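Colleague: In this note's numbering, the protein residues as written are 2 to 760.
Cβ atoms here follow ideal geometry from the backbone N, Cα and C, with glycine treated the same way.
Small disclaimer: the values here were computed from a predicted structure and weren't measured.
Before we start, here is the structure in question, set down as structure tokens.
Now the structure itself:
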């Protein structure tokens, strides 16, 4: 019995009330002072006990998550053993003096009531403890021998809000930068960036939607299932589709997503006339959809290892999805299998292939897999996929996650219909069904199995995987993807291999333009066919011209210099793997040359450099300068909570950058010593400012002290030891190096009257 408005299952609550009412009988018997003969008073007290138990059950079912309800039931049922006698009956012949018990019955009754009340009220640390239990960071901290009391503070995280919903306790966490994470009963349901301009959107929350829509030739009707974080719904409004039906499991989840995510967007999804939000179970929403009425269905439910998701991975559910899809319909399902080995994924692929004519699995990031299926008989991957990935709105969505469309084109794909693929040598597993309950019985056991699940998945699927683009005929899009991947590899090489030397990108960009130009385009002008540079190469030429003009204006202190600097923002948002990321460095440097005319804009570019960099980036100076500006100019971030989170996230990035330098051999000990000194100085200043802000935003003093202690042990103490033991020795044996700039720190200046021919 389900009401779509409130999302409460009253049948479950009624059953729980009966259970707790029966369990409350011993409490009523205890209040009768051990009377063995029934009386009117005894009957009244027993009735009161049953009524009280039912009332507690009803209140707990409405206000408490499932875990607390189970604790209440267990506590009351345990009280049954406290008041049960071994005697089966009490006749006059058997009425002998009972031996006194060491513990009075009334004391036991008081203890039972106290435990029940304490359990009903719950603990204020429920969200923190559940996050600690199910966090991947906890496992990593244990592997690195972090002190137990510091594990909870080994990563930035501030509890913003908790709510008890019909699907469990939902906690909203603010992570480093502007990342909002939603956790249900401690298990992560998704993360979303509240400011994609400075903090990238986690790609695993939006890639299922992007892949599904781009794999359809003309998507019109889209259904989103789950999506607790709201990231997919926000992203879907940026695509040219006709209608978007978002099915969410609880209205309070929608309120949380609106308050913490959508309201910060320039265009709220709830204001979009194409969007319709319904609150009902996912299975019911799929089965109630009109046949062949949907073009795209995207399911981003809870992790696959959760027992509540068993109904989303069986043949009955997939059959209902296919019935709702149109002729060229596409179905994408997020499979979070970090805790699962290869067998559950094989079972899912076998089940999908038994329902859909085309199906497969695409690995996106470690532990994240997209189950992709289609109703078309022409194959799993649509012929125009690569062309649609290059559309401006698609590139913009991927850019907000720090991705390029070429990275999507080379994602590994395991096609279930490949004749020499996954099931060519081994028999297909039996399809998952609701009657067999394989997901409910086997998958939790598999999740609890201790093993290197990532390596098992690699060994099982790597021999049968191929790149997504290889499933399509070779076109110019394939060659363009190779060029962009080459540029991306150079970006990573510069950031990881030459930390704090970003200006090397200029040489790489010049070589790309001159040695590997794109094919020229032909156009008719004045009756003649002429060849012109490719628009992407022309954009790079224009970038160098604009950069040269801005540098010359800054050197001569012209009034229009700031306006020339702002023209570079267009190139920073181009998505070019080389020009796009490193142009933020150029903009920041120009702001410094102009004596910081717009500090708020400068800070935005600094934050983008820090948070959008590759994970292998070992540059520490961008993090130091961002921290320094935020500490010196706290008015740039007005909200104390946001300023606290930004400082906390930047300090975590500084730890990661120094850890990435473990195998890096510095060329100049003097420069590295300066980096160490500046890192220690700015870290202490940032921690002092965070301590002042902690009391204003509700962060307990103990939590902050543990966080400060962790940063001290993970960053400050190792840097001081490195400076005293390693750098001091190297400075004695190494000549002082020049602090001059790299020769490539000079821009390629192209006069406006001269063009750079790259063809």
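Using only CA atoms, which one of 685, 678, 624 lies nearest to residue 655?
Modeller: 624
Colleague: Please identify the residue among 666, 137, 643 whose C-alpha is closest to the C-alpha of residue 695.
Modeller: 643
Colleague: Suppose only complete runs of 4+ residues qualify. What are the alpha helix (DSSP H) ranges in the region 522-566, listed by chain order?
Modeller: 536-556
Colleague: Sort 235, 534, 530, 515 by Cα distance to residue 521 and report the nearest one.
Modeller: 534
Colleague: Would you check if the distance between the CB atom of residue 381 and the CB atom of residue 362 is smaller than 8 Å?
Modeller: no
Colleague: Quick check on the burial criterion: 16 or more other C-beta atoms within 10 angstroms. Buried or exposed for residue 517?
Modeller: exposed
Colleague: Answer yes or no: do residue 630 and residue 638 have a C-beta to C-beta separation smaller than 8 Å?
Modeller: no
Colleague: For residue 731, which residues of its own chain have a beta-carbon under 7 Å away from its beta-carbon, when the five flanking residues on both sides are left out?
Modeller: 670
Colleague: In the DSSP output, which residue or residues are listed as bridge partners for residue 215?
Modeller: DSSP lists no partner for residue 215.
Colleague: Identify whether residue 320 lies in helix, strand or coil by the three-state DSSP scheme.
Modeller: helix
Colleague: If you draw a straight line from the alpha carbon of residue 390 to that of residue 127, how long is it in whole angstroms?
Modeller: 43 Å
Colleague: Apart from the five residues on each side of it in sequence, which residues of its chain come closer than 8 Å, Cβ to Cβ, to residue 466?
Modeller: 364, 413, 414, 415
Colleague: Let's see if you can read the secondary structure: which residues bound the beta strand (DSSP E) around residue 689?
Modeller: Segment 670-698 is the alpha helix (DSSP H) holding residue 689; no beta strand (DSSP E) there.
Colleague: Of all the beta strand (DSSP E) runs that stay within the bounds of the region 320-346, which reach a length of 3 or more residues?
Modeller: Taking only runs of at least 3 residues, the beta strand (DSSP E) segments lying wholly in the region 320-346 are 326-337.
Colleague: What is the rounded straight-line gap between the Cα of residue 409 and the Cα of residue 469?
Modeller: 8 Å
Colleague: Please check the pair residue 569 and residue 598, which I expect to be a contact at CB under 8 Å, by giving their CB distance rounded to whole angstroms.
Modeller: Actually they are not in contact, since the Cβ atoms of residue 569 and residue 598 sit about 14 Å apart, beyond 8 Å.
Colleague: Which same chain residues, not among the five before or five after residue 581, have their C-beta less than 8 Å away from its C-beta?
Modeller: 400, 572, 573, 574, 575
Colleague: Between 353, 326, 276, 342, which lies nearest to residue 313 when the distance is taken from Cα to Cα?
Modeller: 353
Colleague: Buried or exposed: which applies to residue 224, given that a residue is buried once 16 or more other Cβ atoms fall within 10 Å of its Cβ?
Modeller: buried
Colleague: Mind checking which residues open and close the beta strand (DSSP E) that includes residue 279?
Modeller: 276-280
Colleague: Could you please give me the residues that DSSP links to residue 413 through a beta bridge?
Modeller: 468
Colleague: Buried or exposed, going by whether 16 or more other CB atoms sit within 10 Å of the CB of residue 227?
Modeller: buried
Colleague: Give the C-beta separation of residue 186 and residue 131 to the nearest angstrom, bearing in mind that I take them to be a contact with Cβ-Cβ under 8 Å.
Modeller: Indeed they touch by this definition, with Cβ atoms about 6 Å apart.
Colleague: Looking only at its chain, what residues have a beta carbon closer than 6 Å to the beta carbon of residue 246, apart from the 5 residues adjacent to it on each side?
Modeller: 224, 277
Colleague: Taking all protein chains shown into account, decide if residue 513 is buried (16 or more other Cβ within 10 angstroms of its Cβ) or exposed.
Modeller: Of the other Cβ atoms in all chains shown, 16 or more fall within 10 Å of the Cβ of residue 513; this residue is therefore buried.
Colleague: To the nearest angstrom, how far is the alpha carbon of residue 168 from that of residue 492?
Modeller: 44 Å
Colleague: Less than 8 Å between the CB atoms is what I'm expecting for residue 214 and residue 220, so what's the real figure, rounded?
Modeller: Contact holds; Cβ gap of about 5 Å.
Colleague: For the 8 Å Cβ check, are there 3 or more pairs between the region 153-163 and the region 699-718?
Modeller: The region 153-163 is in contact with the region 699-718.
Colleague: To which residues does DSSP link residue 160 through a beta bridge?
Modeller: 174
Colleague: Just curious, the alpha helix (DSSP H) that residue 488 is in, first and last residue?
Modeller: 477-498
Colleague: Rounding to the nearest angstrom, what Cα-Cα distance links residue 422 and residue 686 in this structure?
Modeller: 57 Å
Colleague: Going along the chain, which residues of its own chain have a beta-carbon closer than 7 Å to the beta-carbon of residue 634, five neighbours each way excluded?
Modeller: 600
Colleague: Taking residue 458 and residue 343 to be in contact with their CB atoms under 8 Å, please state how far apart those CB atoms are, rounded to whole angstroms.
Modeller: 5 Å
Colleague: In whole angstroms, give me the CA-to-CA distance for residue 636 and residue 710.
Modeller: 27 Å
Colleague: As a quick exercise: from 499, 724, 645, pick the residue whose alpha carbon is nearest that of residue 622.
Modeller: 499
Colleague: By Cβ distance below 7 Å, which residues in the same chain neighbour residue 485 in space, the five residues on each side in sequence not counted?
Modeller: Around residue 485: 405, 407, 578.
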